[in-house]
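**Q**
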Amino acid sequence: MASARRYVEETLLNAELVKLLPKFLAPIIGGALSRCLNSHKIFFNSLIPATEQRILEKDMKSNGYQIPQRADCIQWIIETAPKQSPWSAERVIYELMAIWFGSTIVYVIHDLCLHPEYIEPIRRELEASYEDFERTGQGLPLLDSFIKESTRLTPVEFMSVRRQALQPFVLSDGTTVAVNEWACAPSGAINTCAEYYPYPETFSGFRFVDSTMLPNTQEYPTPTATQTNPSKLTDVDPSFLMWGTGRMACPGRYYASAFMKVVIAQLLMSYDFKLVNPGATRWISWRVAKIPKPWTKVALTARNGGP
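Numbering (my numbering), first residue to last: 412 to 718.
Given below as structure tokens:
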């Protein structure tokens, strides 16, 4: 569990350090860093036996055997892998480790503490629609919008859509990208661009909800800003590059979105929470990474006899 908690932070740190090195030094220093910051190796090795068992169970099922029903991320990756050339246990775990949503959940919890006026409306939505969401994976537009707004203002990375040129390429403004050079999109700057978002620096938790869905009562926070076109967390758009773009957009975004909603929903229904020190800096920024500080404390209090 300790390795799982450290994994994202150590991976981002290692990657940013290696990017600063000359090409010939990158594999040497990168290898040394990986031996010191080894949470990825521990995490990977701990998942191999369970994943191999799942792959074996899938083969047994195709031969008519009864196997236990599984409903988790590993199983989802196995079931959605290419049918013609099934993935090995190692490849399944690589795909799993590429789906990062822990930091996003942390930022959402922080934003709920900082903007408590959104908590009761979202709780009412959960009371009315959570069972339907668990059954269908659809719905919960208020929670969806809140998570998306939190992600917009506190992205884990400020750059996205990294591409290496395989042949000379000229951008629309005349900029030339030579072979082996890299280009990327400044997703962090786009997220706070007034061209795409009214009042871009302001947190507006229901920004992405269709305004006709919000009752005109004082019980619901009036959105400081709304988008002309409502959208979902999983939507891929040039103004929201969390998932990448085009054919290379993250295929795991639907699972990640549903998983985040389940975690946040369970917390909201079971606990009241607040930041112990609301004024403290909540993240560490270095180069393109924005990592939650692990020592930021949130106090949880069980609600109505909750767990």
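Cβ atoms here follow ideal geometry from the backbone N, Cα and C, with glycine treated the same way. All values reported here derive from a predicted model rather than from experimental measurement.
1) Can you tell me whether Pro718 is buried or exposed, with buried defined as 16 or more other CB within 10 angstroms of its CB?
2) My assumption, with CB atoms under 8 Å, is that Met680 sits in contact with Leu537. Please give the rounded CB distance.
3) The alpha helix (DSSP H) with Asp522 in it runs from where to where?
4) Would Ser561 and Phe614 be called neighbours here (beta carbons separated by less than 9 Å)?
5) If we count the other Cβ atoms within 10 Å of its Cβ and call it buried at 16 or more, is Asn456 buried or exposed?
6) Hey, how far is the Cα of Leu577 from the Cα of Ala660?
7) Please name the residue, chosen from Ile504, Ser473 and Pro493, that lies closest to Asp483 on a Cα-to-Cα basis.
8) Report all residues from its chain with a CB closer than 8 Å to the CB of Gln638; omit the five preceding and five following residues, and keep chain order.
9) Does the beta-carbon distance from Trp697 to Pro703 come in below 9 Å?
10) Please work out which residues of its chain come closer than 7 Å, Cβ to Cβ, to Tyr682, disregarding the five sequence neighbours upstream and downstream, and give them in chain order.
11) Our contact map puts Val590 next to Leu582 with C-beta atoms below 8 Å; I'd like the distance itself, whole angstroms only.
12) Exposed or buried, what is Tyr476 when buried is set at 16 or more other beta-carbons lying within 10 Å of its beta-carbon?
13) State the CB to CB distance for the pair Cys595 and Ser622, rounded to an integer number of angstroms; the pair is presumed to be in contact (CB under 8 Å).
14) Going by the beta-carbon positions, is the gap between Val567 and Ala700 smaller than 9 Å?
15) Report yes if the C-beta distance between Met601 and Leu652 is below 9 Å; otherwise report no.
16) Using the Cα positions of Ile440 and Val429, report the straight-line distance between them to the nearest angstrom.
17) Buried or exposed: where does Glu421 fall if 16 or more other Cβ atoms within 10 Å of its Cβ makes it buried?
18) Buried or exposed: where does Trp593 fall if 16 or more other Cβ atoms within 10 Å of its Cβ makes it buried?
19) Report yes or no: do three or more beta-carbon pairs, one from the region 548-562 and one from the region 665-679, lie closer than 8 Å?
20) Closest by CA to Thr719, which one among Thr515, Pro705 and Lys708?
21) Grab the span of the beta strand (DSSP E) containing Asp584 for me, first residue to last.
22) Please return the same chain residues whose Cβ sits closer than 7 Å to the Cβ of Pro433, not counting the five positions on each side in sequence.
**A** Quick answer:
1) Legend: pLDDT at Pro718 = 45, less than 50; position of this residue unreliable, value from coordinates given subsequently. Exposed, since its Cβ has fewer than 16 Cβ neighbours within 10 Å.
2) At roughly 6 Å, the Cβ-Cβ gap stays under 8 Å, so Met680 and Leu537 are in contact.
3) Gly513 to Leu525
4) yes
5) exposed
6) 19 Å
7) Ile504
8) Contacts found: Tyr608, Pro609, Arg618 and Phe619.
9) Contact check for Trp697 against Pro703 fails: the beta carbons are separated by 9 Å or more.
10) A distance below 7 Å between beta-carbons, with the five flanking residues on each side excluded, links Tyr682 to the following residues of its chain, in chain order: Leu711, Thr712, Ala713, Arg714 and Gly717.
11) The pair is not a contact, with the Cβ atoms about 15 Å apart (cut-off 8 Å).
12) Using a 10 angstroms sphere on the CB of Tyr476, the tally of other CB atoms stays under 16, which defines it as exposed.
13) Rounded to whole angstroms, the Cβ separation of Cys595 and Ser622 is 34 Å, and the two are not in contact under 8 Å.
14) Contact: yes.
15) The displayed chain sequence assigns Ile, not Met, to residue 601. The answer is yes: Cβ separation under 9 Å.
16) 7 Å
17) buried
18) Label assigned to Trp593: exposed.
19) yes
20) Missing from the structure shown is residue 719; the chain here goes from 412 to 718 and no further.
21) From DSSP, Asp584 is part of no beta strand (DSSP E); its letter is neither H nor E.
22) none
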